[in-house]
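*Asks:* In the UniProt record's numbering, the protein residues as written are 1 to 265.
After the C-alpha coordinates below, expect a handful of questions from me.
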(Lines of atoms letter the chains of each structure in order from A and count residues from 1; the text may use other names and numbers.)
(Lines give C-alpha, C1' and ligand atoms only; values in the text may rest on other atoms or scores of the structure.)
Protein backbone atom coordinates (compact mmCIF):
# COMPACT_ATOMS: atom_id res chain seq x y z
CA UNK A 1 0.00 0.00 0.00
CA UNK A 2 1.38 3.39 -0.99
CA UNK A 3 2.31 5.77 1.83
CA UNK A 4 0.16 8.87 2.33
CA UNK A 5 1.54 12.33 3.07
CA UNK A 6 -0.74 14.70 4.95
CA UNK A 7 0.43 18.28 4.42
CA UNK A 8 -0.38 21.08 6.86
CA UNK A 9 0.17 24.70 5.83
CA UNK A 10 1.54 27.78 7.57
CA UNK A 11 -0.58 30.57 9.03
CA UNK A 12 -2.23 32.67 6.29
CA UNK A 13 -1.12 30.42 3.39
CA UNK A 14 -3.87 27.94 2.38
CA UNK A 15 -2.58 24.53 1.32
CA UNK A 16 -3.18 25.01 -2.45
CA UNK A 17 -0.66 27.88 -2.38
CA UNK A 18 1.98 25.15 -1.99
CA UNK A 19 0.92 23.58 -5.29
CA UNK A 20 4.43 23.31 -6.73
CA UNK A 21 5.75 21.56 -3.61
CA UNK A 22 2.72 19.28 -3.43
CA UNK A 23 2.96 18.30 -7.08
CA UNK A 24 6.59 17.28 -6.59
CA UNK A 25 5.72 15.17 -3.53
CA UNK A 26 2.69 13.74 -5.32
CA UNK A 27 4.92 12.07 -7.88
CA UNK A 28 6.04 9.67 -5.14
CA UNK A 29 3.30 9.58 -2.48
CA UNK A 30 -0.44 9.94 -2.15
CA UNK A 31 -1.35 13.35 -0.76
CA UNK A 32 -3.99 14.89 1.45
CA UNK A 33 -4.43 18.22 3.23
CA UNK A 34 -6.88 20.59 4.88
CA UNK A 35 -7.28 23.67 2.69
CA UNK A 36 -7.62 26.31 5.43
CA UNK A 37 -6.75 25.51 9.04
CA UNK A 38 -8.72 27.37 11.69
CA UNK A 39 -11.76 28.35 9.64
CA UNK A 40 -14.18 25.70 10.93
CA UNK A 41 -16.22 27.24 13.79
CA UNK A 42 -16.29 23.84 15.49
CA UNK A 43 -12.56 24.29 16.14
CA UNK A 44 -12.02 27.85 17.43
CA UNK A 45 -8.61 29.43 17.91
CA UNK A 46 -7.70 29.52 21.62
CA UNK A 47 -4.46 29.79 23.58
CA UNK A 48 -1.89 27.17 22.52
CA UNK A 49 -4.26 25.95 19.76
CA UNK A 50 -5.84 22.85 21.41
CA UNK A 51 -8.94 22.96 19.18
CA UNK A 52 -6.80 23.30 16.06
CA UNK A 53 -5.05 20.13 17.18
CA UNK A 54 -8.49 18.53 17.53
CA UNK A 55 -9.24 19.62 13.96
CA UNK A 56 -5.96 18.12 12.77
CA UNK A 57 -6.62 14.80 14.52
CA UNK A 58 -10.14 14.69 13.08
CA UNK A 59 -8.72 15.06 9.56
CA UNK A 60 -5.97 12.49 10.13
CA UNK A 61 -8.49 9.99 11.49
CA UNK A 62 -10.21 9.85 8.10
CA UNK A 63 -7.24 8.26 6.36
CA UNK A 64 -7.27 4.49 5.94
CA UNK A 65 -3.72 4.16 7.33
CA UNK A 66 -1.24 6.11 9.45
CA UNK A 67 0.25 9.01 7.51
CA UNK A 68 3.51 10.81 6.98
CA UNK A 69 2.91 14.27 8.38
CA UNK A 70 4.61 17.19 6.65
CA UNK A 71 3.89 20.60 8.11
CA UNK A 72 5.19 24.14 7.63
CA UNK A 73 5.25 26.55 10.58
CA UNK A 74 1.71 26.45 12.09
CA UNK A 75 1.05 23.17 10.30
CA UNK A 76 4.17 21.51 11.65
CA UNK A 77 3.36 22.63 15.18
CA UNK A 78 -0.16 21.19 14.95
CA UNK A 79 1.15 17.90 13.56
CA UNK A 80 3.68 17.74 16.40
CA UNK A 81 0.91 18.12 18.98
CA UNK A 82 -1.21 15.56 17.13
CA UNK A 83 1.72 13.13 17.16
CA UNK A 84 2.03 13.55 20.93
CA UNK A 85 -1.68 12.96 21.49
CA UNK A 86 -2.33 10.33 18.81
CA UNK A 87 0.95 8.74 17.65
CA UNK A 88 -0.96 5.82 16.14
CA UNK A 89 -2.07 8.16 13.34
CA UNK A 90 1.52 8.67 12.12
CA UNK A 91 4.32 6.77 10.43
CA UNK A 92 6.72 9.72 10.40
CA UNK A 93 6.80 13.48 10.69
CA UNK A 94 8.72 16.22 8.86
CA UNK A 95 8.47 19.68 10.43
CA UNK A 96 9.42 22.67 8.29
CA UNK A 97 10.73 25.52 10.47
CA UNK A 98 7.89 25.55 12.99
CA UNK A 99 8.50 27.86 15.99
CA UNK A 100 9.18 25.09 18.50
CA UNK A 101 10.93 27.05 21.24
CA UNK A 102 13.07 25.90 24.12
CA UNK A 103 12.26 26.84 27.74
CA UNK A 104 13.74 30.34 27.73
CA UNK A 105 12.00 31.61 24.60
CA UNK A 106 8.80 29.73 25.46
CA UNK A 107 8.80 31.50 28.81
CA UNK A 108 9.11 34.85 27.07
CA UNK A 109 6.09 33.99 24.91
CA UNK A 110 4.09 33.15 28.04
CA UNK A 111 5.14 36.44 29.67
CA UNK A 112 4.29 38.46 26.56
CA UNK A 113 0.78 37.00 26.61
CA UNK A 114 0.35 37.86 30.27
CA UNK A 115 1.49 41.44 29.65
CA UNK A 116 -0.64 41.87 26.53
CA UNK A 117 2.43 42.29 24.34
CA UNK A 118 2.23 39.15 22.21
CA UNK A 119 1.08 41.01 19.08
CA UNK A 120 4.24 43.13 19.28
CA UNK A 121 6.67 40.22 19.21
CA UNK A 122 4.88 38.09 16.61
CA UNK A 123 3.59 39.01 13.13
CA UNK A 124 0.14 39.30 14.71
CA UNK A 125 0.48 43.04 15.12
CA UNK A 126 0.61 43.53 11.36
CA UNK A 127 -2.40 41.45 10.37
CA UNK A 128 -5.54 43.41 11.22
CA UNK A 129 -4.59 46.46 9.17
CA UNK A 130 -3.58 44.41 6.15
CA UNK A 131 -5.17 45.18 2.81
CA UNK A 132 -7.99 42.74 2.08
CA UNK A 133 -9.53 43.79 -1.22
CA UNK A 134 -8.37 43.78 -4.84
CA UNK A 135 -10.18 44.17 -8.12
CA UNK A 136 -8.66 41.02 -9.62
CA UNK A 137 -6.21 38.16 -9.12
CA UNK A 138 -3.72 40.01 -11.31
CA UNK A 139 -3.88 43.13 -9.14
CA UNK A 140 -3.42 41.05 -6.00
CA UNK A 141 -0.40 39.39 -7.62
CA UNK A 142 1.16 42.75 -8.51
CA UNK A 143 0.52 44.09 -5.01
CA UNK A 144 2.28 41.25 -3.21
CA UNK A 145 5.08 41.03 -5.79
CA UNK A 146 6.25 44.41 -4.44
CA UNK A 147 6.28 43.29 -0.81
CA UNK A 148 9.69 42.36 0.69
CA UNK A 149 8.32 39.19 2.35
CA UNK A 150 7.30 37.88 -1.07
CA UNK A 151 10.36 39.04 -3.00
CA UNK A 152 12.06 35.63 -2.83
CA UNK A 153 8.94 33.59 -3.66
CA UNK A 154 9.16 31.12 -6.51
CA UNK A 155 7.13 32.73 -9.34
CA UNK A 156 4.72 29.80 -9.46
CA UNK A 157 4.13 30.03 -5.71
CA UNK A 158 3.43 33.75 -5.92
CA UNK A 159 0.95 33.08 -8.72
CA UNK A 160 -0.67 30.35 -6.62
CA UNK A 161 -0.90 32.73 -3.66
CA UNK A 162 -2.75 35.31 -5.74
CA UNK A 163 -5.09 32.68 -7.16
CA UNK A 164 -5.58 30.18 -4.33
CA UNK A 165 -4.87 32.55 -1.45
CA UNK A 166 -7.83 34.68 -2.49
CA UNK A 167 -11.54 34.18 -2.98
CA UNK A 168 -14.47 36.03 -4.54
CA UNK A 169 -15.54 38.90 -2.29
CA UNK A 170 -19.12 38.85 -3.56
CA UNK A 171 -18.70 42.16 -5.36
CA UNK A 172 -16.66 41.04 -8.34
CA UNK A 173 -13.30 41.44 -6.62
CA UNK A 174 -10.98 39.29 -4.55
CA UNK A 175 -10.26 39.12 -0.83
CA UNK A 176 -7.85 37.06 1.26
CA UNK A 177 -9.11 33.52 1.64
CA UNK A 178 -7.33 33.08 4.98
CA UNK A 179 -9.17 35.68 7.02
CA UNK A 180 -6.92 38.26 8.72
CA UNK A 181 -8.82 38.05 12.03
CA UNK A 182 -8.13 34.32 12.26
CA UNK A 183 -4.51 34.85 11.23
CA UNK A 184 -4.19 37.41 14.05
CA UNK A 185 -5.77 35.09 16.61
CA UNK A 186 -3.43 32.26 15.64
CA UNK A 187 -0.33 34.42 16.03
CA UNK A 188 -1.47 35.75 19.40
CA UNK A 189 -2.17 32.21 20.67
CA UNK A 190 1.32 30.93 19.78
CA UNK A 191 2.04 27.98 22.10
CA UNK A 192 4.38 28.46 25.03
CA UNK A 193 4.10 24.88 26.34
CA UNK A 194 6.34 22.98 23.89
CA UNK A 195 8.94 22.13 26.60
CA UNK A 196 6.23 20.42 28.66
CA UNK A 197 6.23 17.53 26.20
CA UNK A 198 9.93 16.71 26.22
CA UNK A 199 10.62 13.01 26.03
CA UNK A 200 7.07 12.23 24.84
CA UNK A 201 7.56 12.21 21.05
CA UNK A 202 7.61 8.62 19.75
CA UNK A 203 7.00 9.27 16.03
CA UNK A 204 10.22 9.37 13.92
CA UNK A 205 10.67 13.07 13.22
CA UNK A 206 12.91 15.35 11.19
CA UNK A 207 13.05 19.12 11.61
CA UNK A 208 14.13 21.23 8.64
CA UNK A 209 15.27 24.69 9.72
CA UNK A 210 15.71 27.83 7.63
CA UNK A 211 19.34 28.89 7.28
CA UNK A 212 18.47 32.50 8.18
CA UNK A 213 17.20 31.41 11.64
CA UNK A 214 14.61 34.20 11.60
CA UNK A 215 12.11 32.09 13.60
CA UNK A 216 13.97 29.14 15.13
CA UNK A 217 17.27 29.75 16.93
CA UNK A 218 20.23 27.34 17.27
CA UNK A 219 19.41 26.91 20.97
CA UNK A 220 15.89 25.76 20.02
CA UNK A 221 17.33 23.24 17.57
CA UNK A 222 19.65 21.80 20.19
CA UNK A 223 16.68 21.45 22.54
CA UNK A 224 14.64 19.58 19.91
CA UNK A 225 17.46 17.19 19.23
CA UNK A 226 18.30 16.55 22.88
CA UNK A 227 14.79 16.19 24.30
CA UNK A 228 12.71 15.01 21.33
CA UNK A 229 15.22 13.02 19.28
CA UNK A 230 14.50 15.00 16.12
CA UNK A 231 16.85 14.74 13.15
CA UNK A 232 18.02 18.23 12.23
CA UNK A 233 18.49 19.52 8.70
CA UNK A 234 18.83 22.96 7.14
CA UNK A 235 17.44 24.61 4.01
CA UNK A 236 18.83 27.79 2.49
CA UNK A 237 16.39 30.66 2.81
CA UNK A 238 14.00 32.38 5.17
CA UNK A 239 11.16 30.96 7.23
CA UNK A 240 9.13 30.79 4.01
CA UNK A 241 11.62 28.54 2.20
CA UNK A 242 8.92 26.01 1.15
CA UNK A 243 7.44 28.79 -1.00
CA UNK A 244 10.80 30.24 -2.02
CA UNK A 245 12.33 26.94 -3.13
CA UNK A 246 9.52 24.38 -3.45
CA UNK A 247 11.40 21.92 -5.65
CA UNK A 248 14.43 21.86 -3.35
CA UNK A 249 12.16 21.53 -0.32
CA UNK A 250 10.40 18.56 -1.90
CA UNK A 251 13.76 16.97 -2.71
CA UNK A 252 14.88 17.39 0.91
CA UNK A 253 11.66 15.81 2.22
CA UNK A 254 11.95 12.91 -0.21
CA UNK A 255 15.54 12.30 0.88
CA UNK A 256 14.57 12.29 4.56
CA UNK A 257 11.60 9.96 4.38
CA UNK A 258 13.29 6.58 3.69
CA UNK A 259 15.39 6.93 6.84
CA UNK A 260 12.43 7.98 8.95
CA UNK A 261 10.22 5.20 7.62
CA UNK A 262 12.95 2.64 8.31
CA UNK A 263 12.53 3.48 12.01
CA UNK A 264 8.81 2.66 12.03
CA UNK A 265 8.15 -0.36 14.23
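Backbone N, C-alpha and C define an ideal beta-carbon position, used for all residues, glycine too.
1) Just list the beta strand (DSSP E) runs in the region 125 to 205, keeping only unbroken ones of 3 residues or longer that don't cross its boundaries, in chain order.
2) Do you know how far the Cα of residue 261 is from the Cα of residue 94?
3) Determine the closest residue to residue 227 out of 249, 187, 57 and 101, with distance taken between C-alpha atoms.
4) Excluding five sequence neighbours on each side, which residues of the same chain lie with their C-beta closer than 8 Å to the C-beta of residue 237?
5) Tell me whether residue 251 sits in a helix, a strand or coil according to DSSP, three-state version.
6) Is it buried or exposed, residue 66, if we count other Cβ atoms within 10 angstroms and call 16 or more buried?
7) Out of 187, 215 and 15, point me to the one whose CA is closest to residue 266's CA.
8) On the three-state DSSP scale, how would you describe residue 49?
9) Alpha carbon to alpha carbon, what distance is there between residue 173 and residue 154?
10) Would you call the CB atoms of residue 127 and residue 184 closer than 8 Å?
11) Identify whether residue 7 lies in helix, strand or coil by the three-state DSSP scheme.
12) Please state whether DSSP places residue 228 in a helix, a strand or coil.
13) By how many angstroms is the C-alpha of residue 91 removed from the C-alpha of residue 203?
14) Given a cut-off of 8 Å, decide if residue 189 and residue 79 are closer than it, judged by their beta-carbon atoms.
15) On the criterion of 16 or more Cβ atoms from any shown chain inside 10 Å, does residue 70 qualify as buried, or is it exposed?
16) Report all residues from its chain with a CB closer than 7 Å to the CB of residue 11; omit the five preceding and five following residues, and keep chain order.
17) I need the straight-line Cα distance from residue 240 to residue 171, nearest angstrom please.
18) Around the C-beta of residue 105, are 16 or more other C-beta atoms found within 10 angstroms, so that it is buried, or is it exposed?
19) For the alpha helix (DSSP H) holding residue 21, just list the boundary residues, first then last.
20) What are the boundary residues of the alpha helix (DSSP H) that includes residue 15?
21) I'd like to know whether the C-beta atoms of residue 134 and residue 192 end up nearer to each other than 8 Å.
22) Give a yes or no on whether the C-beta atoms belonging to residue 89 and residue 57 are separated by under 8 Å.
23) Pick from 4, 15, 142 and 46: whose alpha carbon is nearest that of residue 181?
*Replies:* In short, the structure shows the following:
1) 166 to 168 and 174 to 176
2) 11 Å
3) 101
4) 152, 210, 211, 212, 244 and 245
5) helix
6) buried
7) Lying outside 1 to 265, the shown extent of the chain, residue 266 is not represented and no answer is given.
8) coil
9) 25 Å
10) yes
11) strand
12) helix
13) 7 Å
14) no
15) buried
16) 73, 74, 183, 186 and 187
17) 31 Å
18) buried
19) 19 to 26
20) Taken as a continuous stretch (DSSP letters only), residue 15 belongs to no alpha helix (DSSP H), as it is neither H nor E.
21) no
22) yes
23) 46
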